[in-house]
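Colleague: With the UniProt record's numbering applied, the sequence shown has no gaps in its numbers, which climb one by one up to 770 at the end.
Cβ atoms here follow ideal geometry from the backbone N, Cα and C, with glycine treated the same way.
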Amino acid sequence: MLWNPDAVARGEFLVGLTNLAAVDQVNDDHITASISAVLWTLVYFHIQSGLTLVQLKKDRPSLSNLKVCQGETRPYKGSWFRPQGLFLNFIISHHSDKTTPFARWYGEHLKSVGAALASKLNMAEGNYVLQGWPAGYQMFDHNKGPKDSPCHDAYLIGSSHAKCFRSVPEFIPQALWLLTDPMLDRSNCNCKYCNKKLQCEITASMGHILKCGGSTPTWTIQPPRLKCQPQRPKERPVRDQEKISCDKERFRPGPGGDDSILFWPGLVKETRVKTMPITKDVCMDILDGPSNCHPSSNIDSSNGDEEVPYQLVLPYQSVAPSDKLIQAIHAVSYEDLDPDPGRTFAFNPYSTSSEVTFAKSAAPYCIALQIGMAISGYWTLMDDWEFKFSIEYPNPSPPHSLSTFQSLDSVMNSGMAHNASLASSLVTPSGSGSHTRTISATLLPFALAQTIMQMRYQGLWWGAEHIWMDELIRLKFLRGQITPEGNDVINAPAGPSRKAQEYAWFMGSQVGGAEGRGVFMHLEGLFIANLPNGRGSKVCHAVGALYELVDEDWEEEWDGREVAVDKGKGRGKAIENDNSDMDGSFELDGIPSGLSFMHVPSPLNPPTLANPDPVGSVEGTATDIPLRSNVACACDSASTAPQGDPNSVLSHLVLSAFPLPKPPDRFKFHPILKPGYEIVVDLMWITGQCYPSILEHRLLDRHVEHALAAGGTQLWALEGLTAGCYNAMDPTKWKPTRKAMVREASHDAWVGVEERWKNKEKERQEVKLL
């Protein structure tokens with residue numbers, strides 16, 4: 001209890017601070033204490049004689065001598081009331097009801113105030129609790145908010161200077177004032193209501209008072225910690241505006257057994273992560289346990305928006321409608337199709353209604369397929385930026401001396417004029433020394449550098465896919481079509497591993513190496529260049545390092561094939577001294593054709609290779625790809641560039657390379673080019689994204705089984721197990737934005753399908769007339 005102002009004037013004993021070992025219940029009327037140790041009790045304050053006497057005695061108090069002085073309570077007169085309605089705003093007096101949650105708040109307030117007062121009075125260490133509030137003070141519960149779930153706030157009311165105290169830090173300064181000021185001069189009180197200070201300043205000034213004393217350590221049983229799961233490699237999420245195929249879960253059975261609609265094309269509008277709760281019965285010690293985060297995609301399927309979990313989404317190129325499904329759709333009559341635009345747009349492909357039959361699904365499904373095919377024919381570049389690099393001209397050899405006197409300003413102007421103009425030779429300085437001070441010197445040889453600005457891009461829309469820089473993409477040709485014998489720049493295709501050779505010998509069969517698999521490129525640059533000799537407009541090229549798939553236990557020291565490289569002979573030779581006459585070479589304005597450097601712009605559409613079919617003969621075509629890709633330029637630049645020359649670096653920064661994705665099972669990636677080289681290819685050779693472990697997706701189980709039985713190659717190309725041309729994007733139309741692509745593709749799809757349906761119905765009517 002604290003001082004009552006009226007009682008203090010009469011010199012009565014009204015205050016007691018008790019050090020308790022443990023407190024079981026604290027309320028208005030009594031304190032139930034478990035006494036198990038020697039306690040210290042503050043006996044009394046006597047002020048009537050003008051002397052402050054403090055006597056401490058050692059005692060083992062019982063419940064009877066723990067006096068609780070309850071002051072006379074007075075009714076609170078305020079404007080708060082109990083309204084009748086949906087919202088509450090009233091206060092009620094707290095009673096000693098042990099079942100209410102407010103009883104716990106009451107006890108915590110007494111503990112907090114008692115601990116702060118004991119700290120201020122420098123009492124012995126221990127756990128202190130206030131026996132009760134001063135006479136006339138009472139705790140109230142303020143209810144405010146909705147009637148069903150109001151907010152409860154604890155208010156201490158009873159002071160003549162403050163309306164109410166809303167927290168323990170608000171009341172502690174007044175409690176100290178009541179204890180330490182015999183005259184009860186309000187100017188000595190440091191509470192916010194008497195001192196007119198901000199509560200944050202008051203709380204900060206008494207930070208040491210709010211600290212409670214130390215507690216006795218106790219034994220507690222800690223629950224076992226959840227085992228931290230190792231971070232798994234991130235799967236490639238679907239990206240906004242990409243075209244995908246969604247599993248329908250509840251497919252539409254067709255007339256036959258193999259003509260059901262299993263997947264529905266869609267366009268990703270938004271991707272987000274949905275948090276799912278995990279029940280207590282799930283064992284978190286299992287590393288491969290369930291995850292509480294499930295990515296989902298908001299799909300626009302031309303028939304409305306649907307939210308689809310990521311587990312039910314596949315890349316657009318992974319599945320294709322079967323021939324039987326296409327025939328079943330063509331067999332649906334025009335009356336059953338009902339190709340009304342309003343009904344088609346309102347169709348929900350994920351509806352579970354039994355009224356949605358295969359015939360009613362045929363028209364919307366046909367429209368969705370046609371839109372997907374149309375979008376796959378567009379491409380565009382994204383997020384342009386300026387890439388600057390310098391080309392260093394060779395030093396004049398041998399250095400020549402000028403026989404005439406040259407002025408200093410003439411020499412400086414000559415250098416600036418040379419850098420400004422894109423001349424290929426040294427500008428002859430000119431000037432007169434009659435009006436300026438001249439110097440006589442022999443000009444030392446110096447290197448002349450030219451800064452080139454190249455427009456580059458951070459990504460591109462390639463058909464249905466969104467490709468970014470530093471990603472691994474697939475190319476259309478086989479590994480065996482790129483210098484099958486190897487040369488000084490390009491490694492020969494890797495052969496089978498030792499174990500694969502031994503197994504093939506044991507089984508009496510043959511095994512191939514990397515030459516029968518696909519080719520990958522680590523995309524490191526997309527840039528614009530001019531066609532040489534003014535042929536056509538500006539074009540775009542991709543640049544990066546090439547990779548092949550080798551057996552996971554393949555060792556470079558022991559290869560399963562004999563590599564014979566005839567340096568200087570044959571068409572596999574990639575280094576040439578002059579590339580100005582090569583087909584597909586480049587030439588920038590003002591730069592001699594004999595100069596070459598690492599960052600080489602190249603045409604977008606060079607003449608087609610003699611044999612673009614990857615399954616055809618490799619003779620006469622395989623060695624042309626690096627030449628048309630200007631690998632010779634890169635080689636020549638690297639061989640002539642001096643040590644430490646900045647022009648000898650590759651397109652990517654030194655520390656900007658991202659790790660390669662997970663290779664297919666039982667394989668690993670191996671670089672095709674020698675260290676320090678990269679290749680430039682036309683966009684027409686890009687197949688699309690690389691999808692690691694796509695064949696392990698559960699939605700493709702039946703397709704993989706069918707491909708194993710039928711010997712299909714469409715699925716194998718997704719992981720690069722065969723040439724990328726078997727499953728490739730072939731966009732031919734350019735649009736500036738993705739929105740323009742989708743809008744035009746939707747319009748063309750509707751027009752084309754509607755015209756086809758009308759012609760089909762016309763043919764049927766003619767057959768009936770006959």
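If the criterion is Cβ atoms closer than 9 Å, does the pair Ala529 and Gln454 meet it?
Modeller: A contact, by the Cβ cut-off of 9 Å.
Colleague: Relative to the C-alpha of Ile473, which candidate in Pro150, Leu460, Phe667, Glu766 has its C-alpha closest?
Modeller: It is Leu460 whose Cα lies nearest to the Cα of Ile473.
Colleague: With distances taken Cα to Cα, identify the nearest neighbour of Asp553 among Glu485, Asp665, Pro661, Ala464.
Modeller: Residue Asp665 is the option with its Cα nearest to Asp553.
Colleague: Based on the DSSP output, what are the partners of Glu392 in its beta bridges?
Modeller: Paired residue(s): Ala449.
Colleague: Using DSSP with H/G/I as helix, E/B as strand and the rest coil, what is Ala162?
Modeller: Coil at Ala162, not helix or strand.
Colleague: Would Ala368 be called buried (16 or more neighbouring beta carbons within 10 Å of its own) or exposed?
Modeller: Under this definition Ala368 is a buried residue.
Colleague: Distance check for Asp488 and Pro675, CA to CA, integer angstroms please.
Modeller: Rounded to whole angstroms, Pro675 to Asp488 spans 11 Å at the Cα level.
Colleague: Relative to the alpha-carbon of Arg738, which residue among Ser353, Ser390, Gln317, Glu465 has its alpha-carbon at the smallest distance?
Modeller: The candidate whose alpha carbon is nearest that of Arg738 is Glu465.
Colleague: In whole angstroms, give me the CA-to-CA distance for Gln138 and Gly158.
Modeller: Going by the C-alpha atoms only, they are around 6 Å apart.
Colleague: Quick one: is Gly342 buried, meaning 16 or more other Cβ sit within 10 Å of its Cβ, or exposed?
Modeller: The residue is exposed, with fewer than 16 neighbouring Cβ atoms inside 10 Å.
Colleague: Have a look at Tyr334, Val519, Ala320, Asp141 and flag the residue whose alpha-carbon is nearest the alpha-carbon of Glu763.
Modeller: Of the listed residues, the one whose Cα sits closest to Glu763 is Tyr334.
Colleague: Between which two residues does the beta strand (DSSP E) holding Leu546 run?
Modeller: Element bounds for Leu546: 539–551.
Colleague: For Ser318 and Asp148, what's the separation of their Cα atoms in angstroms?
Modeller: Rounded to the nearest angstrom, the two C-alpha atoms are 54 Å apart.
Colleague: Between Leu769 and the rest of its own chain, which residues show a CB-CB distance below 7 Å, the 5 nearest in sequence each way excluded?
Modeller: Counting only Cβ-Cβ distances below 7 Å, and skipping sequence neighbours, we find nothing.
Colleague: Any idea which residues DSSP pairs Asp384 with across the strands?
Modeller: Asp384 is bridged to Tyr457.
Colleague: Between which two residues does the alpha helix (DSSP H) harbouring Asn759 extend?
Modeller: Note, Asn759: alpha helix (DSSP H), 738–769.
Colleague: For Glu761, which of Gln311, Tyr193, Asp336 has the nearest alpha-carbon?
Modeller: Of the candidates Gln311, Tyr193, Asp336, the one whose C-alpha sits nearest the C-alpha of Glu761 is Asp336.
Colleague: Could you check what DSSP says for Gly145 in three-state terms: helix, strand or coil?
Modeller: DSSP places Gly145 in strand when its eight states are reduced to three.
Colleague: I need the boundaries of the alpha helix (DSSP H) containing Thr180, first residue and last residue.
Modeller: Taken as a continuous stretch (DSSP letters only), the alpha helix (DSSP H) holding Thr180 covers 168–180.
Colleague: Assign Gln689 to one of three DSSP states: helix, strand, or coil.
Modeller: Strand.
Colleague: Mind reading off the beta-carbon distance from Leu314 to His697? Whole number of angstroms is fine, and I expect it under 8 Å.
Modeller: With a Cβ gap of about 7 Å, Leu314 and His697 count as contacting.
Colleague: Based on the DSSP secondary-structure assignment, which residues constitute the bridge partners of residue 825?
Modeller: For residue 825 there is no data in the structure shown, the boundaries of the chain being 1 and 770.
Colleague: Could you tell me if the beta carbon of Ala362 falls within a distance shorter than 8 Å of some heavy atom in the ligand GDP?
Modeller: This structure simply doesn't include the ligand GDP, nor any ligand for that matter.
Colleague: So Glu502 and Ala492 are in contact, right, with Cβ under 8 Å, and what is the actual spacing, rounded?
Modeller: With 8 Å as the limit, Glu502 and Ala492 do not qualify as a contact, their Cβ atoms being about 22 Å apart.
Colleague: Just list the residues that DSSP pairs Glu465 with in beta bridges.
Modeller: Answer is Trp462, bridged to Glu465.
Colleague: Less than 9 Å separating the beta-carbons of Ile686 and Trp462?
Modeller: Yes.
Colleague: Among Tyr677, Leu117, Pro134, Gly132, which has the Cα closest to the Cα of Gly126?
Modeller: Checked all of Tyr677, Leu117, Pro134, Gly132; the closest Cα to Gly126 is Leu117.
Colleague: Which term fits Ile375, buried or exposed, when burial requires 16 or more other beta carbons within 10 angstroms of its beta carbon?
Modeller: The residue is buried, with at least 16 neighbouring Cβ atoms inside 10 Å.
Colleague: Alpha carbon to alpha carbon, how far is His330 from Ser322?
Modeller: If I take the Cα positions, the gap works out to 13 Å.
Colleague: Quick one: grab the DSSP three-state call for Met123.
Modeller: Of the three classes helix, strand and coil, the one that applies to Met123 here is coil, per DSSP.
Colleague: Buried or exposed: Glu242, going by 16 or more other Cβ atoms within 10 Å of its Cβ?
Modeller: Per the 10 Å Cβ criterion, buried.
Colleague: Give the straight-line distance between the Cα atoms of Ser167 and Pro661, rounded to the nearest whole angstrom.
Modeller: Rounded to the nearest angstrom, the two C-alpha atoms are 57 Å apart.
Colleague: Is it a yes or a no for the region 714–723 touching the region 511–519, going by three-plus beta-carbon pairs under 8 Å?
Modeller: A contact exists between the region 714–723 and the region 511–519.
Colleague: Name the residue from Pro146, His142, Cys725, Ala162 whose alpha carbon lies nearest to the alpha carbon of Tyr155.
Modeller: Looking at the Cα atoms, His142 is the closest of the given residues.
Colleague: Between Val550 and the rest of its own chain, which residues show a CB-CB distance below 7 Å, the 5 nearest in sequence each way excluded?
Modeller: Contacts found: Ala494, Ala514, Phe667, Lys668, His670.
Colleague: Kindly provide the ranges of any alpha helix (DSSP H) runs that are 4 or more residues long and lie completely inside the region 305–357, ordered along the chain.
Modeller: Entirely contained in the region 305–357, the alpha helix (DSSP H) runs reaching 4 residues are, in chain order, 323–330, 334–337, 341–346.
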